[in-house]
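Trainee: Residue numbers (our numbering): 10 to 163. Built from N, CA and C at the ideal position, the CB exists for glycine as well.
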């Protein structure tokens, strides 16, 4: 009986260690980058902004990655040249989404950072001039129609 009790206690101790190891493993660089970006949710829009006083779309991405020592260009059209192009259906947390949202400009002029993908629904954080830093869904018609490409930087 003592042997069974010792075996049970030993397995509980090692099992608990394994569980805590898995919990800390989830706090990856990608998780930290997304967490950094989400800290700016609700911040008003400011062209060229990179602080809580105001942000633009590429500012959110630039600062979120920069805090984890991942250097990206400052503007979205240049960010779009980095990383590996992926299909939207393969997008995952931490990937970048690029858009053309101006009829006058024929190039990429908006970027978002994927915050989650659940049941095929891609959510991303970005800054809009009307609503500031927000989380949106790629299932929204506006974003679906403006989408150009997705890239994986990490």
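Determine the direct distance from the alpha carbon of residue 128 to that of residue 144, and round the result to whole angstroms.
Mentor: Going by the C-alpha atoms only, they are around 17 Å apart.
Trainee: Can you give me the start and stop residues for the alpha helix (DSSP H) that residue 7 sits inside?
Mentor: One cannot answer for residue 7 here, as it falls past the ends of the chain, which runs 10 to 163.
Trainee: If I measure Cβ to Cβ from residue 72 and keep anything under 6 Å in the same chain, skipping five residues before and after, which residues do I get?
Mentor: These residues qualify, in order along the chain: 59.
Trainee: Who are the Cβ neighbours of residue 97 in its own chain at under 8 Å, not counting the five residues just before and after it?
Mentor: So the list reads 106, 131, 147, 156 and 159, once near-sequence residues are dropped.
Trainee: Pull up the distance between the alpha-carbon of residue 55 and that of residue 102, whole angstroms please.
Mentor: Each residue's Cα considered, the two are about 25 Å apart.
Trainee: Taking the CB atoms as reference points, tell me whether residue 50 and residue 134 lie closer together than 8 Å.
Mentor: Yes.
Trainee: Following the continuous beta strand (DSSP E) through residue 73, name the residue where it begins and the one where it ends.
Mentor: Run containing residue 73: none in the beta strand (DSSP E); it sits in the alpha helix (DSSP H), 66 to 75.
Trainee: Just to confirm the assignment, what range does the beta strand (DSSP E) spanning residue 158 have?
Mentor: Looking at the DSSP string, the run of the beta strand (DSSP E) that includes residue 158 is 156 to 161.
Trainee: Using a beta-carbon distance below 8 Å, is residue 71 in contact with chain B?
Mentor: Within the model displayed, chain B is absent; a lone protein chain is all it includes.
Trainee: Assign residue 147 to one of three DSSP states: helix, strand, or coil.
Mentor: Residue 147: coil per DSSP, three-state reduction.
Trainee: Please state whether DSSP places residue 81 in a helix, a strand or coil.
Mentor: Residue state, collapsed to three classes: coil.
Trainee: So residue 121 is in the beta strand (DSSP E); what residue range does that whole segment cover?
Mentor: Where residue 121 is concerned, the enclosing beta strand (DSSP E) stretches over 119 to 127.
Trainee: Which term fits residue 65, buried or exposed, when burial requires 16 or more other beta carbons within 10 angstroms of its beta carbon?
Mentor: Answer is buried; the Cβ neighbour count reaches 16.
Trainee: Where do the N-terminal and C-terminal ends of the beta strand (DSSP E) with residue 93 fall, by residue?
Mentor: Residue 93 -> beta strand (DSSP E) spans 93 to 95.
Trainee: Under DSSP, the beta strand (DSSP E) around residue 134 begins and ends at which residues?
Mentor: Element bounds for residue 134: 130 to 137.
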